[in-house]
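Novice: Our numbering puts the first residue of the sequence shown at 1098, with every later residue one more than the last.
Glycine included, every Cβ here is placed at the ideal spot set by N, Cα and C.
Right, I'll just put the structure down here and ask away after.
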Amino acid sequence: MPRRERNKFVKRGQIIEISIEDYAFGGKGIGRIRKEHGEFVVFVPNTLPGQLVKAQIKKSSKKYAEGKLLEILKSSEDEIEVPYQDIPGAPYIQLPIEKQHRYKKQSTLELFKRIGKVSNIEEKLDEFVNSPNTFHYRNKMEYGFSAIGYDRELKTDVDEFTLGFKRRGLWWCGENLNKDSGLFDQQVEDNLKNIREYCQKSGLPPWHGPKKEGFFRYFVIRKSYNTNRLLFNLVTTSNGLDQFHLDKFAKYLVEIFEERVAGLLHTINDEIGDRTIATTGSINLVYGDDKIVEELLGLNFEISMKSFFQTNPKCAEKLYSKVIDYALENKASIDNNIVLDLFCGTGTIGQILASKAHNAQIVGVDIVASAIEDAKENAKRNKIDGLKFFAADVGKFLTEHPEYYNKIRTIILDPARAGIAPKTLKKIINLNAERLVYVSCNPATQARDTEQLMLAGYKIKKLSLVDQFPHTAHIETVVLFEK
């Protein structure tokens, strides 16, 4: 077996300091190591051109290496002061939003050229859609408890009761959130330190990652932008539950947030895996309601702790409006026709489309049975007819329902980050629809699927980028394909 040639610049596990010079798709900063025998590229996620960073090499090949960001040693000249506590989930919060947009647009279009083989992608760009709220846009946040904290001054982990987020690059280590992060609800985050103190006074321990023991695990909060109400979920182990009074904790939350408290749930999670809700645990209502109601484009959606729902609902309205605009651009292919809504989740797009189309039959398919149940309930609540929902694997569904072949003119696609499996994509192509509206939370896999769709005779008519998650590397795309 031939020996794999190693690069002469870095080794796996090595910690380096490197200047970031360029930006690649997905928030990967590009640094370069220059020596007398040549130049070598290192990708470091969550970094920006102009920063000097400390990174640990995680993967190394002959051509390039990938590092994990440990610390930003020097900020970029583009960064500005913001009044928020920095957290790992918002690596670009100090970069002005216009510059964030520029990086996202440039790197996403480059993907479609490189992976999708669409050389004239700039000509197809319809719109870059901004989030209506640049700050405080999220409707859900998960805060973790930890028995190991981080001292920023000493730059080391310490034994302390923490409630906040994992320290970047240190899976065992939490970091207290002491004030507003700029992403979620300001009143909640400014009070998180008080909630932490309340829990600490109980004398019960927070979760200790390496030892896999403790009582307090997570504090999860959902928010309705329509009603401004909050739904709380305290996740603990069962070890010590008889010493913690959940009803008193509910009263404490009501003292702080008053009528904003929609309800408090309690989840028991005794599994050692790092999941918020365990597969074997129980979830019980302690106080109030177990759901909140959100509104999107005039339709109401009940959201439970487990429901999937768009994290930035105000921007989701813009995203869905763009999808519906593309679908209805040729209204004749929708009215009095069957429309397939594949990977439909809770059926939001299908319901909005059905409310605007004439006598159309929308067929929604998703593998997650609970999402399909939510979709059926939401359709009843919104009194929308012309909808059928199936809990099934999309590929299998298309095989088992030949009655839909050659009857569908429009298909809506909204797959998970992995994109569409090649066999399923083939089946979708064989349906021979005139138009596809493809929504993606991962343009890299969408660009990959684009190449296959173009080989099958589809062309991109237009493309929009939607900034669902300001201050992160994420971008959503909506592409209209036509034959």
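#1: Classify threonine 1569 as helix, strand or coil using the three-state DSSP reduction.
#2: On the DSSP bridge list, what partners appear for arginine 1532?
#3: Give the range of the alpha helix (DSSP H) segment to which valine 1351 is assigned.
#4: Please list the terminal residues of the continuous beta strand (DSSP E) segment that includes glutamate 1257.
#5: When the Cα atoms are used, what is the spatial distance from glutamate 1163 to glycine 1110?
#6: In this structure, how does DSSP classify lysine 1210 when only helix, strand and coil are distinguished?
#7: I'd like the list of long-range same chain contacts for threonine 1569, defined as Cβ closer than 8 Å, with 5 residues on each side in sequence excluded.
#8: Which of the three DSSP states, helix, strand or coil, is assigned to methionine 1238?
#9: Since alanine 1468 and threonine 1443 should fall inside the 8 Å C-beta cutoff, what is the C-beta to C-beta distance between them, to a whole number of angstroms?
#10: From Gly1360, Glu1391, Pro1307 and Lys1348, pick the residue whose C-alpha is nearest to that of glycine 1370; which is it?
#11: Sort Leu1343, Asp1183 and Asp1482 by Cα distance to arginine 1265 and report the nearest one.
#12: Roughly how many angstroms separate the alpha carbons of tyrosine 1535 and tyrosine 1120, rounded to a whole number?
#13: Return the Cβ separation of serine 1228 and proline 1567 in integer angstroms, given the expectation that the two are a contact with Cβ distance under 8 Å.
#14: Helix, strand or coil, according to DSSP, for lysine 1493 in the structure here?
#15: Residues bridged to aspartate 1463 by DSSP?
#16: Buried or exposed: which applies to aspartate 1546, given that a residue is buried once 16 or more other Cβ atoms fall within 10 Å of its Cβ?
#17: Here's a check: name, in chain order, each residue in its chain whose Cβ is nearer than 8 Å to the Cβ of histidine 1198, leaving out the five neighbours to either side.
#18: Taking the alpha carbon of serine 1335 as the reference point, which residue from Val1351, Phe1354, Leu1327 and Arg1314 has its own alpha carbon closest?
#19: In the structure shown, what three-state DSSP assignment does glutamate 1294 receive?
#20: Rounded to whole angstroms, how far is the Cβ of isoleucine 1115 from the Cβ of valine 1150, which I believe are closer than 8 Å?
#21: What whole-angstrom Cβ distance do threonine 1542 and alanine 1515 have, given they're in contact under 8 Å?
#22: For tyrosine 1502, I'd like the list of residues in its chain whose CB is within less than 7 Å of its CB, leaving aside the five on either flank, ordered along the chain.
#23: Where do the ends of the alpha helix (DSSP H) carrying glutamate 1168 lie?
#24: Glycine 1246 bridges to which residues according to DSSP?
#25: Report the option in Gln1191, Glu1220, Asp1339 and Asn1275 whose CA atom is closest to the CA atom of lysine 1558.
#26: Going by DSSP, name the residue or residues bridged to histidine 1363.
#27: Quick one, which of Ala1451, Lys1523, Ile1431 and Pro1410 has its alpha-carbon nearest isoleucine 1505's?
#28: Name the DSSP beta bridge partners of isoleucine 1218, please?
#29: With 16 other CB atoms within 10 Å as the buried threshold, where does arginine 1211 fall?
#30: Going by DSSP, what residue range makes up the alpha helix (DSSP H) through serine 1299?
#31: Spatial neighbours of glycine 1213 within its chain, please: C-beta separation below 6 Å, excluding the five flanking residues on both sides.
#32: Indicate the three-state DSSP secondary structure (helix, strand or coil) for arginine 1372 in the structure shown.
#33: Look at phenylalanine 1140 and leucine 1208 and say whether their C-beta atoms are less than 8 Å apart.
#34: Would the stretch 1474 to 1487 and the stretch 1456 to 1465 be scored as touching if the rule is three or more Cβ pairs under 8 Å?
#35: Which of the three DSSP states, helix, strand or coil, is assigned to leucine 1274?
#36: Looking at lysine 1524 and glycine 1492, is the spacing between their C-beta atoms short of 8 Å?
Specialist: This is what the structure holds:
#1: Here threonine 1569 sits in coil by DSSP.
#2: Listed as beta-bridge partners of arginine 1532 by DSSP are Thr1507 and Glu1579.
#3: Bounds of the alpha helix (DSSP H) holding valine 1351 are 1343 to 1354.
#4: According to the DSSP assignment, glutamate 1257 belongs to the beta strand (DSSP E) that extends over 1253 to 1264.
#5: Roughly 11 Å separates the two Cα atoms.
#6: Lysine 1210: helix per DSSP, three-state reduction.
#7: Excluding positions up to five away in sequence, the list reads Gly1124, Gly1186, Ala1187, Pro1188 and Tyr1189.
#8: Strand, per DSSP.
#9: Confirmed, Cβ separation roughly 5 Å.
#10: Minimum Cα distance to glycine 1370 is reached at Pro1307.
#11: For arginine 1265, the nearest C-alpha among the options comes from Asp1183.
#12: The alpha-carbon of tyrosine 1535 is positioned some 26 Å away from that of tyrosine 1120.
#13: A Cβ-Cβ distance of about 5 Å is found for the pair serine 1228 and proline 1567, placing them in contact under the 8 Å criterion.
#14: Of the three classes helix, strand and coil, the one that applies to lysine 1493 here is helix, per DSSP.
#15: Secondary-structure assignment with DSSP links aspartate 1463 through a beta bridge to Ala1488.
#16: Classification for aspartate 1546: buried.
#17: Hits under 8 Å: Phe1225, Asn1227 and Asp1564.
#18: Arg1314 is the residue among Val1351, Phe1354, Leu1327 and Arg1314 whose C-alpha sits nearest the C-alpha of serine 1335.
#19: DSSP places glutamate 1294 within a helical segment (H, G or I) once states are collapsed to three.
#20: Between isoleucine 1115 and valine 1150, the beta carbon gap of about 6 Å places them in contact (Cβ cut-off 8 Å).
#21: The C-beta separation of threonine 1542 from alanine 1515 comes to about 6 Å, placing the pair in contact by the 8 Å criterion.
#22: Excluding five sequence positions before and after tyrosine 1502, the CB atoms of its chain that fall closer than 7 Å to its own CB belong to Leu1528, given in chain order.
#23: It is not in any alpha helix (DSSP H) - glutamate 1168 instead sits in the beta strand (DSSP E) that spans 1161 to 1171.
#24: For glycine 1246, which the question treats as bridged, DSSP gives the partners Val1255.
#25: The alpha carbon of lysine 1558 has as its nearest neighbour, out of Gln1191, Glu1220, Asp1339 and Asn1275, the alpha carbon of Glu1220.
#26: According to DSSP, histidine 1363 bridges with Leu1331 and Asn1381.
#27: Proximity to isoleucine 1505 across Ala1451, Lys1523, Ile1431 and Pro1410 peaks at Ile1431, based on C-alpha coordinates.
#28: Bridge partners of isoleucine 1218: none, in fact.
#29: Here arginine 1211 is exposed, its C-beta having fewer than 16 other C-beta atoms within 10 Å.
#30: Note, serine 1299: premise wrong, no alpha helix (DSSP H); not H, not E.
#31: The beta carbon of glycine 1213 sits closer than 6 Å to the beta carbons of Ala1544, Thr1547 and Glu1548 from its chain, once the five residues preceding and following it are set aside; these are given in chain order.
#32: Arginine 1372 falls in the coil class under three-state DSSP.
#33: No.
#34: Enough Cβ pairs lie closer than 8 Å, so yes.
#35: Looking at leucine 1274 - three-state DSSP - the assignment turns out to be coil, as it is neither helix nor strand.
#36: Contact: yes.
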